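Student: One structure, pasted below without further comment.
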Amino acid sequence: MMLNPRNCVAFTGHRTYRNEAREALSRTLEELYAREFRTFLSGMAAGFDLAAAEAVLELQERHPEVRLVAAVPFPEQAARFPAARRRIYEEVLARADGVELLAPAYHPGCYARRNDFLVDHAAVVVAWYDGSPGGTHYTLERARRRGREIINLCGSRPSDPAVPSLF
């Protein structure tokens, strides 16, 4: 699938996300749609990534031209998810408009490669970032260095002023 970063939005966030920002996420997606963003990229991780993908599918019900692209780091990504999350993963994957499979199998660094793909193919990154280290921090730091707009929906703001929050 050809992706135009100028009209793509990517998601990154913690696995511990439990729908705390459901309304803010829905509102943000509508605002991004109004700004003519039509393609949304999810890394399909448990937590915020899957919740954001589900929210995009809800947006698509109101705006059929919206597209969800699943950026899957390797085919067995969901193998260790709890059964309920694995079921959600499979449902979202089945409804996605495109799937970018980034590696044929797990390898060290495959998650970073997925995160790089998300940032490199989006103009805006919507996050659930609480300031803790890890993949979300890595992804937002890359987004900041690449000049991407960052929207952080997390209620507790990161202490790092280099990662701005627009809400």
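Residue numbers (the UniProt record's numbering): 1 to 167.
Here a beta-carbon is modelled for each residue, glycine too, at the ideal position from N, C-alpha and C.
Keep in mind the model is a prediction, meaning the values are calculated, not measured.
Per the DSSP calculation, residue 152 is bridged to which residue(s)?
Tutor: Within the sequence shown, the letter at position 152 stands for residue 152. Bridge partners of residue 152: 127.
Student: According to DSSP, is residue 141 helix, strand or coil?
Tutor: For the purposes of this step, residue 141 is taken as the residue at position 141 of the sequence shown. DSSP places residue 141 in helix when its eight states are reduced to three.
Student: Who are residue 39's beta bridge partners in DSSP?
Tutor: Position 39 of the sequence shown, counting from 1, holds the residue named residue 39. DSSP lists 8, 67 as partners of residue 39.
Student: Tell me the rounded alpha-carbon separation between residue 22 and residue 107.
Tutor: Reading the sequence shown from its first residue, position 22 is the one you call residue 22. Reading the sequence shown from its first residue, position 107 is the one you call residue 107. Their Cα atoms are separated by approximately 33 Å.
Student: Taking a contact to mean a Cβ-Cβ separation below 8 Å, would you say residue 148 touches residue 126 in this structure?
Tutor: Along the sequence shown, one-based indexing puts residue 148 at 148. Along the sequence shown, one-based indexing puts residue 126 at 126. No, they are not a contact pair.
Student: Between the Cα of residue 69 and the Cα atoms of 38, 140, 85, 87, which residue gives the shortest distance?
Tutor: The sequence position of residue 69 within the sequence shown is 69, counting from 1. If we check each option's Cα against that of residue 69, 38 comes out closest.
Student: Whole angstroms are fine: how far does the CA of residue 9 sit from the CA of residue 32?
Tutor: The residue labelled residue 32 in the question sits at position 32 within the sequence shown. The residue labelled residue 9 in the question sits at position 9 within the sequence shown. Answer to the nearest angstrom: the Cα atoms are 8 Å apart.
Student: Answer with buried or exposed for residue 43, where buried requires no fewer than 16 other C-beta atoms within 10 angstroms of its C-beta.
Tutor: The residue given as residue 43 occupies position 43 in the sequence shown. So residue 43 counts as buried.
Student: Can you name the start and end residues of the alpha helix (DSSP H) that residue 25 belongs to?
Tutor: The residue you call residue 25 lines up with position 25 of the sequence shown. Its alpha helix (DSSP H) spans residues 22–34.
Student: Check whether the Cβ atoms of residue 102 and residue 86 lie closer than 8 Å to each other.
Tutor: Position 102 of the sequence shown, counted from the first residue, corresponds to residue 102. Position 86 of the sequence shown, counted from the first residue, corresponds to residue 86. No, Cβ-Cβ distance for residue 102 and residue 86 is not below 8 Å.
Student: What's the call for residue 96, buried or exposed, on a 16-neighbour Cβ count within 10 Å?
Tutor: For the purposes of this step, residue 96 is identified with residue 96 of the sequence shown, where counting begins at 1. So residue 96 counts as buried.
Student: Assess, as a yes-or-no matter, whether the stretch 10–17 is touched by the stretch 45–63 under the definition of 3 or more beta carbon pairs within less than 8 Å.
Tutor: Yes: the two stretches touch, three or more of their Cβ pairs being nearer than 8 Å.
Student: In its own chain, which residues sit with a C-beta less than 7 Å from the C-beta of residue 161, not counting the 5 before and 5 after it?
Tutor: What you label residue 161 is simply residue 161 of the sequence shown in a count that begins at 1. Its pLDDT being 37, under 50, residue 161 is placed unreliably by the model, and the measurement read from it follows with that caveat. None.
Student: Leaving out the 5 sequence neighbours to the left and right, which residues in its chain are closer than 7 Å to residue 20 when beta-carbon positions are compared?
Tutor: Here residue 20 is taken as the residue at index 20 of the sequence shown, counted from 1. Excluding sequence neighbours, residue 20 sits near 155.
Student: Please classify residue 102: does DSSP put it in a helix, a strand, or coil?
Tutor: Here residue 102 refers to the residue found at position 102 of the sequence shown. It is coil, neither helix nor strand.
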